[in-house]
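Notes follow the structure.
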Amino acid sequence: MKKNEKHQCPVCKETIIDEEFEICSVCGWGSNLAQNEESDFEEGPNKLSLNQTKEWFKLKRTLNPNYTWIANAQVDGNPTKEDLEKLKEVVKNILLYQK
Numbered sequence: 005m006k007k008n009e010k011h012q013c014p015v016c017k018e019t020i021i022d023e024e025f026e027i028c029s030v031c032g033w034g035s036n037l038a039q040n041e042e043s044d045f046e047e048g049p050n051k052l053s054l055n056q057t058k059e060w061f062k063l064k065r066t067l068n069p070n071y072t073w074i075a076n077a078q079v080d081g082n083p084t085k086e087d088l089e090k091l092k093e094v095v096k097n098i099l100l101y102q103k
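The numbering of the sequence shown is my numbering, which starts it at 5 and goes up by one.
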């Protein structure tokens, strides 16, 4: 990805991001060159790496297939590793309960 190039959101694949540092309204990913190109890089505007954010978004959609970050931004903000671990536990417990 080149600077100022339109591209599909690398997390949700549902939106087109047309500038660096734009935040995807569907998944909350803050587009930036470093984290877009190095999928495990955690130091940037996003507290989670690209791969961790993909996992976080997938879990959110497991709980709510219609989940969008923009509708939940005040609660979800910029998720951390701790948020990801808590979300994994919530989804795990719900899936166990449903069996």
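All residues carry an ideal CB built from backbone N, CA and C; glycine is no exception.
**Request:** Following the continuous alpha helix (DSSP H) through T66, name the residue where it begins and the one where it ends.
**Result:** Numbered from its first residue, the sequence shown carries residue 66 at position 62. L54 to L67 is the span of the alpha helix (DSSP H), which, as asked, contains T66.
**Request:** Starting from E93, trace the alpha helix (DSSP H) both ways and give me its first and last residue.
**Result:** As a working note, residue 93 is residue 89 in the sequence shown. Run containing E93: K85 to Q102, per the alpha helix (DSSP H) assignment.
**Assigned exposure category for I21 - 16 Cβ within 10 Å defines buried** = Locating residue 21 in the sequence shown gives position 17, where the first residue counts as 1. Under this definition I21 is a buried residue.
**Prompt:** Apart from the five residues just before and just after E3, which ones in its own chain have a Cβ nearer than 7 Å to its Cβ?
**Reply:** Since the displayed the chain opens at 5 and closes at 103, residue 3 lies outside it and no answer follows.
**Request:** Decide if I74 is buried, meaning its Cβ has at least 16 other Cβ atoms within 10 Å, or exposed.
**Result:** Position 70 of the sequence shown holds residue 74. With fewer than 16 Cβ atoms within 10 Å of its Cβ, I74 is classed as exposed.
**Request:** Could you tell me the boundaries of the alpha helix (DSSP H) in which V30 lies?
**Result:** Indexing the sequence shown from 1 puts residue 30 at position 26. Looking at the DSSP string, V30 is not in any alpha helix (DSSP H), and its letter there is neither H nor E.
**Item:** For N97 and F61, the rounded distance between their alpha carbons
**Value:** In the sequence shown, residue 61 corresponds to position 57, counting from 1. In the sequence shown, residue 97 corresponds to position 93, counting from 1. Approximately 17 Å, taken between the alpha carbons.
**Item:** Selected residue, minimal CA-CA separation from D44, among G34, P14 and N55
**Value:** By 1-based counting over the sequence shown, the position of residue 44 is 40. The shortest C-alpha separation from D44 is found at N55.
**Request:** Mark N70 as exposed unless 16 or more other C-beta atoms lie within 10 angstroms of its C-beta, in which case mark it buried.
**Result:** Counting from 1 along the sequence shown, the entry for residue 70 is found at position 66. So N70 counts as exposed.
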